[in-house]
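Working notes, beginning with the structure itself.
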Amino acid sequence: MKKLKIRNWSTINDREVVLNGERKLIFKPEDHADQKLEAAYRALGVAYPKFFKMDAQSKLGWLSAEYLAEKGKLFEGTEQKEVALVLSNRKSSLDTDEHYQQSLTNEEEFLPSPAVFVYTLANIVAGEICIRHGIKGENNFLISEAFDAISLVNYVHILFEEELCQKCLVGWVEAYRGTLRSVFAFIESTTDEEPTMLFSIDYLKQLYQTSEL
Amino acid sequence: MQKPVYIVNDHILSAIGTSTDSNWKNVLNEKSGIALIDPLFPSDQPIYGSQVKDYETVSTAATKLENMFLYSIQQVLRETGIQSSNDRLMLFVSTTKGNIDLLQNVNPASSERVHLAAMAAFIQQELGLKHAPVVVSNACISGVLAIQTAALYIKHGFIDHAIVTGGDLFSKFTLSGFYSFKALSAGICKPFDKKRDGINLGEGIGTVVLTQDPVAAKGAYAVEITGYGSSNDANHISGPSRDGSGLSLAVQKALKHTDLASIDVINAHGTATLYNDNMESLAFQHLGLSDTPLNSLKGYYGHTLGAAGVLEVIISIRSMLNNILVKSLGYEEQGTEGTVNVTKAFIKKDIQTVLKTASGFGGCNSALILKKA
């Protein structure tokens, strides 16, 4: 089996943004989620107006990938179709589902919004990340009752073994009723005997735990 | 050494039947499940869709969608030689919105199961399955992608057998969303036709059994999954790429072990929106598949979302086993930029290999190759 390593990783929660264990930003505790997401965006110093059209979960996923991108590039020297994106969470798109559902309750002013509806699918955040970074490879969005490091690590290993990808962005992304949590890791194969960050079930679990409040 | 993975049994619950046999018979009789529906909201156009009205209450604790899932999975479990308690069996659930109706009709006993994984866990417990299910929710490619995911789990030795079930409800939630996009057809949809004007939504369940051991699974047949792949357009979240290049990437990956010329039929996504069908036609033309017979099953079922990929794979398998090309219902005249050979009638033909594709919101595409074993 191919040996896989974590090139770099990021976590975002209600308190902070962390890149490879280093705190990049501490949120103001009094800010609500939208303000925190905007603060994380401003701190990056990039201009991406589409960011403001996204729902909270897509913003969170977009930021998680953006922090992993060095000088704005998530990957170089690999074909777009060879980069995979595997995401996961528990709530699917429930945050926006609830928001959209509210727009259906008034029969007299029945005006469902396509701009809201489009975010009522779990994988739209994946679409936003693919657009930003030109990822054209394998996609999958897995829903689990709790963070499932086993499924994620197994599935990503299979993708490499099958030569369905050469690089893979894998992550957990969930924004729900003002609570944010994401854990993203960029995975590539390695010839190192003992890579510092082996992409293993234990290591991914640890990363998730470090993002616990 | 990796062993081949086969589909060996199936079941469909839809507006046109509660078994695969009845579905297949109705397809052959050109019976569509799509009908004018009672309005669910104020609309400036008539709304057509396909709804499942005939389903059994398997568990009184279950929602409509869960009962439909349970019924369908029980039918395949009854026929297969794999026990539900088998430690090497895993359930894969494909759904986009699951119990979305629970958002408006809150019953405290089941409200938690608006969560897709909680719904899947309920199904697991009702059936007495050992492992937590894998839930794939990747828009309209969920069904095809769930089959790919399960096949890969088997191929790489994590499990020996899989049940892949796909399902979604016909809901006010989803219907109003497609209405807001002005994507709904004013009549019965016409995939790939010149006069196509949008989609119909539908509801249903498709369930297949995957295994590397068709004998142990008491397979009703054996159709090998010989290729798979998914891709992203990286272009737009709610519109397909104009040129079909994203879909082409997924098909090219799936064709890794298959000669293009050996594809006997393409079962396309064919939602009957202007953009989707056009995009697909350009992809197939670019791939050199313009002459290959192609159909869409949306004229029979509408777009059944999480069920679509699985359900359409099952009808394609019937098509292979009976050596009959299925008529693409609603198609009369070429109406796409790319040239495609849409099947206008039921035709007897030796069918060994099928290409199945799907594309969806979020810019995702997927493809599977099925081969008669």
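Chains A and B supply the protein sequences, listed in that same order.
Read in order, the letters of the first sequence correspond to residues 1314 to 1526 in our numbering.
Read in order, the letters of the second sequence correspond to residues 337 to 709 in our numbering.
Backbone N, C-alpha and C define an ideal beta-carbon position, used for all residues, glycine too.
Quick caveat: nothing in here was measured; it's all calculated off a predicted structure.
Asked, Found
"Can you name the start and end residues of the beta strand (DSSP E) that B/Cys-700 belongs to?", "700 to 708"
"Nearest by alpha-carbon distance to B/Ser-507: which of B/Gly-493, B/Leu-401, B/Gln-460 is it?", "B/Leu-401"
"I need the boundaries of the alpha helix (DSSP H) containing B/Met-404, first residue and last residue.", "400 to 415"
"Distance, Cα to Cα, B/Glu-673 vs A/Lys-1341?", "53 Å"
"Using the beta-carbon count (16 or more within 10 Å), is B/Ser-598 buried or exposed?", "exposed"
"Grab me the residues of B/Glu-669's own chain with a C-beta within less than 7 Å of its C-beta, minus the 5 sequence neighbours each way, in chain order.", "Asp-529, Lys-530"
"For a cutoff of 7 Å on Cβ pairs, would you count B/Phe-506 as touching chain A?", "no"
"Taking a contact to mean a Cβ-Cβ separation below 7 Å, would you say A/Phe-1499 touches A/Leu-1482 in this structure?", "yes"
"Whose C-alpha, out of B/Leu-657, B/His-622, B/Ala-681, B/Leu-596, is nearest the C-alpha of B/Ser-632?", "B/Ala-681"
"Since B/Ser-478 and B/Ser-430 are thought to touch, with beta carbons under 8 Å apart, how far apart are those beta carbons, to the nearest angstrom?", "4 Å"
"Show which residues of chain B have a CB atom less than 8 Å away from the CB atom of A/Asn-1419.", "Neighbours of A/Asn-1419 on chain B: none; closest Cβ ~10 Å, over 8 Å."
"Output, in chain order, the set of chain B residues within a Cβ distance shorter than 7 Å of A/Cys-1478.", "Chain B residues near A/Cys-1478: none, gap ~10 Å exceeds 7 Å."
"Terminal residues of the continuous alpha helix (DSSP H) containing B/Asp-533?", "Where B/Asp-533 is concerned, there is no enclosing alpha helix (DSSP H), given that its DSSP letter is neither H nor E."
"Determine which residues share a DSSP beta bridge with A/Trp-1485 and list them.", "A/Ser-1401, A/Val-1496"
"Rounded to the nearest angstrom, what separates B/Val-559 and B/Leu-706 at their Cα positions?", "6 Å"
"Of all the options B/Thr-607, B/Ser-446, B/Thr-562, which has the alpha carbon lying nearest to the alpha carbon of B/Ile-524?", "B/Thr-607"
"For A/Ala-1277 and chain B, any beta-carbon pair shorter than 7 Å?", "Because chain A spans 1314 through 1526 in this model, residue 1277 of chain A falls outside it and cannot be assessed."
"Check A/Met-1367 in the structure and name its three-state DSSP category.", "coil"
"Identify which residue in B/Pro-378, B/Pro-340, B/Phe-697 has its Cα closest to the Cα of B/Ser-567.", "B/Phe-697"
"What residues of chain B sit near A/Ala-1382, judged by a beta carbon separation below 7 Å?", "Those within 7 Å of A/Ala-1382 in chain B number zero; the least Cβ separation is about 14 Å."
"Pick from B/Ala-522, B/Ser-577, B/Tyr-667, B/Ser-420: whose alpha carbon is nearest that of A/Cys-1443?", "B/Ser-577"
"Where does the unbroken alpha helix (DSSP H) through A/Leu-1472 begin, and where does it stop?", "1462 to 1474"
"Given 6 Å as the limit, tell me if B/Ile-409 has its C-beta closer than that to any heavy atom belonging to the ligand ADP.", "In terms of ligand content, the structure shown is empty, and the ligand ADP therefore cannot be addressed."
"Drop a sphere of 10 angstroms on the beta-carbon of A/Arg-1494, count the other beta-carbons inside from all chains shown, and report buried for 16 or more, exposed for fewer.", "buried"
"Compare the C-beta of A/Cys-1481 against all C-beta atoms of chain B and say whether one is closer than 7 Å.", "no"
"B/Ala-694 bridges to which residues according to DSSP?", "B/Ser-702"
"I believe B/Gly-493 touches B/Leu-647 by the beta-carbon criterion, under 8 Å. Please report the beta-carbon distance rounded to the nearest angstrom.", "Not quite, the Cβ-Cβ distance comes to about 29 Å (not below 8 Å), so this is no contact."
"Does chain B have any CB closer than 7 Å to the CB of A/Ser-1405?", "yes"
"May I ask which residues mark the beginning and end of the alpha helix (DSSP H) holding B/Ile-653?", "644 to 658"
"Drop a sphere of 10 angstroms on the beta-carbon of B/Pro-444, count the other beta-carbons inside from all chains shown, and report buried for 16 or more, exposed for fewer.", "exposed"
"For the candidate residues B/Lys-692, B/Gly-699, B/Gln-688, whose alpha-carbon lies nearest to that of B/Lys-708?", "B/Gln-688"
"So B/Ser-664 packs on B/Leu-623, CB below 8 Å; how close in whole Å?", "Between B/Leu-623 and B/Ser-664 the Cβ distance is about 18 Å, and since that is not below 8 Å, they are no contact."
"Identify whether B/Ile-459 lies in helix, strand or coil by the three-state DSSP scheme.", "helix"
"Give the interface partners of B/Tyr-515 over in chain A, defined as CB-CB distance under 8 Å, in chain order.", "Pro-1425"
"Determine the burial state of B/Ser-473: buried for a count of at least 16 other Cβ atoms within 10 Å of its Cβ, exposed for fewer.", "buried"
"For chain A, check one thing: does any of its Cβ atoms lie closer than 7 Å to the Cβ of B/Ile-573?", "yes"
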